[in-house]
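J.: This is the structure I have questions about; it appears just below.
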Amino acid sequence: MNDCTESFSATKRPDKQETQMLDKRSAITIAGALALLSSMVACGSAGTAPTSENGLTSITIGSMESNSLSFPYTIAQEQGFFQGAGLQVETVTAPSGPQLTAALIGNTTQIAIGTPENVMGAMNQGQQITAIPPFGHIDMSLVTPADSGITDVTSLRGKQIGVVQRGSASERFARTVLSGNGVDPDSVTYVAVGAGATMEPAVRNKKVDATVGSTSTVVTMEDHGIEFRTLASPFDGTAGELGDVGLQTFWTTTEEFAQQNPEILNGFCTAMNKAADWIADDANRGSGVQSLATLLRIPAESAGRIWDKTHLSWSPTINEATWTANVDWILGDESSGLSFEQAVMPECV
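Right under this line is the structure:
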């Protein structure tokens, strides 16, 4: 195990009872999403994908609507990378990670974006899911209003921190950052403030002293007049080892689909990695910012600030140490193993 993994092990995790509750809640959330999906759509098949009239192979993809985490998928469509790989994609959007994972499990989609929190929780419950490239770098920052009087992480003792949901990855991020700065994670109060639209009033009305948010969330609140001081972020090296190896997203398929359709999977993987490379090239900033602004329905100036921080966020591969570190961080002692060899397609083949 490398230094990054050991560093994760040294941080304070939820205790065994809390981890069991989180794991159970993850399973219940996905089960609920499955039930909802089954009442709305008929499940498809994980078998061989059909060929369309234009000779392209049709596949159904689960993606997040108006979310910067799915930006490479947007670029792969706009730049014709899927077509170049012989694929015609049909998109099913969902507002949350659990619904996307449930749609994949129920064969409504054949490939879907996923978050470590939801996918690893489902894997840990025995779902046969494979993680595939590209792998998205963690996009969470701990910020405080500029007028809060809080100057650094150590100033957070006894304060209230906003997180998307109690026990969520955003709370784990805050706990890890606090621990890494010598602050007892239990010395603060965690307040569930939701995301975006509900996080902003909590910050504006001083219901919390600091909050954990993605780049797009923070930029949106800044656009609405809230000035922030960043206390910890993976983008400036202040989030410790988690900031170096943490994952925010990756793409997923079922083991059955991967085994039956290796060429299709490789085509998707190749197209998405081309999109990630395109985004990483700052020569594409102009058109890329316009695409991001359209995706997020925000002004181009705001999209440009998001681009500048996040355009290097996607990697075409992952190693075992990084995967293990993230499994350890998300699942802790209750992990059933999630073997890298069995759970991950680390690169296009």
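Residue 10 in the UniProt record's numbering is what sits at position 10 of the sequence shown, and the numbering runs on without skipping anything.
For every residue, glycine included, the Cβ atom is placed at its ideal position computed from N, Cα and C.
Relative to the C-alpha of G167, which residue among V177, G158, V191 is closest?
T.: Cα-wise, what sits closest to G167 is V191.
J.: Which whole-angstrom value describes the C-beta separation of T215 and I306, a residue pair presumed to lie in contact below a C-beta threshold of 8 Å?
T.: At roughly 5 Å, the Cβ-Cβ gap stays under 8 Å, so T215 and I306 are in contact.
J.: Indicate whether the contact test is met: 3 or more Cβ pairs, each with one atom in the segment 53-61 and one in the segment 86-95, closer than 8 Å.
T.: The answer is yes - the segment 86-95 touches the segment 53-61, with three or more Cβ pairs under 8 Å.
J.: May I ask which residues mark the beginning and end of the alpha helix (DSSP H) holding M64?
T.: Taken as a continuous stretch (DSSP letters only), M64 belongs to no alpha helix (DSSP H), being part of the beta strand (DSSP E) at 57-64.
J.: Check whether the Cβ of A122 lies closer than 8 Å to any Cβ atom in chain C.
T.: Considering every chain present, this structure includes no chain C. It has just one protein chain.
J.: Between the beta-carbon of A195 and the beta-carbon of V164, is there less than 8 Å?
T.: Going by C-beta atoms, A195 is nearer than 8 Å to V164.
J.: Counting only the same chain and skipping the five closest in sequence on each side, list residues whose C-beta sits under 8 Å from that of G158.
T.: Counting only Cβ-Cβ distances below 8 Å, and skipping sequence neighbours, we find S187, V188.
J.: Expressed to the nearest angstrom, what Euclidean distance is found between the alpha-carbon atoms of residue 357 and Q99?
T.: In the structure as shown, the chain starts at 1 and stops at 349, and residue 357 therefore has no counterpart that could be examined.
J.: Taking its Cβ as the centre, do 16 or more other Cβ atoms sit within 10 Å of P234, making it buried, or is it exposed?
T.: It is buried - the Cβ of P234 has at least 16 other Cβ atoms within 10 Å.
J.: Return the chain-ordered ranges of every beta strand (DSSP E) run that is complete within the segment 179-230 and spans a minimum of 3 residues.
T.: Listed in chain order, they are 189-192, 210-213.
J.: Give the straight-line distance between the Cα atoms of M272 and G149, rounded to the nearest whole angstrom.
T.: C-alpha separation (whole angstroms): 43 Å.
J.: Where does T198 land, buried or exposed, given buried means 16+ other C-beta within 10 angstroms?
T.: T198 comes out exposed.
J.: For Q248, which of A258, Q259, W329 has the nearest alpha-carbon?
T.: If we check each option's Cα against that of Q248, W329 comes out closest.
J.: What span of residues does the alpha helix (DSSP H) with A293 cover, start to end?
T.: First-last of the alpha helix (DSSP H) with A293: 285-296.
J.: Please look up how many angstroms separate the CB atoms of D223 and T230, rounded, as I've assumed it's under 8 Å.
T.: So it is not a contact: roughly 16 Å between Cβ atoms.
J.: Would you call residue 356 buried or exposed, if buried means 16 or more other Cβ atoms sit within 10 Å of its Cβ?
T.: A query on residue 356 cannot be resolved here, the shown segment of the chain reaching from 1 to 349 and no further.
J.: So, with DSSP's three-state summary, where would you put T176?
T.: T176 falls in the helix class under three-state DSSP.
J.: Per DSSP, which residues does V327 bridge with? Please list them.
T.: Its beta-bridge partners do not exist; DSSP assigns none.
J.: Is the distance from the Cβ of E256 to the Cβ of Q77 below 8 Å?
T.: No, the pair does not count as a contact, with Cβ atoms beyond the cut-off.
J.: For a quick check, are the C-beta atoms of T317 and P346 less than 8 Å apart?
T.: Their beta carbons are under 8 Å apart, which means T317 touches P346 by this criterion.
J.: Does the separation of the CB atoms of T130 and A325 fall below 8 Å?
T.: Not in contact: T130 and A325 (Cβ atoms no closer than 8 Å).
J.: Does S68 come out as helix, strand or coil in the three-state DSSP assignment?
T.: In the structure shown, S68 sits in a helix (DSSP, three-state: H, G or I).
J.: DSSP three-state label for P316, please.
T.: Correct three-state label for P316: coil.
J.: With DSSP as the reference, label P145 as helix, strand or coil.
T.: Correct three-state label for P145: strand.
J.: Does DSSP put A35 in a helix, a strand or coil?
T.: With a pLDDT of 45 at A35, under the threshold of 50, the predicted position of this residue should be treated as unreliable, though the coordinate-derived value follows. In this structure, A35 counts as helix in the three-state DSSP scheme.
J.: Going by DSSP, what residue range makes up the beta strand (DSSP E) through T91?
T.: That run of the beta strand (DSSP E) goes 87-94.
J.: Taking the alpha-carbon positions, what's the M64 to S70 distance?
T.: Computed Cα separation, rounded: 6 Å.
J.: Hey, quick one: how far does the beta strand (DSSP E) through A112 stretch, first residue to last?
T.: Where A112 is concerned, the enclosing beta strand (DSSP E) stretches over 111-114.
J.: Between the C-alpha atoms of T211 and G162, what's the straight-line distance to the nearest angstrom?
T.: Spanning the two alpha carbons is a distance of roughly 4 Å.
J.: Would you check if the distance between the CB atom of S66 and the CB atom of L295 is smaller than 8 Å?
T.: Cβ distance < 8 Å, so S66 and L295 count as in contact.
J.: Expressed to the nearest angstrom, what Euclidean distance is found between the alpha-carbon atoms of residue 354 and N284?
T.: This structure leaves residue 354 out entirely; the chain is present only between 1 and 349.
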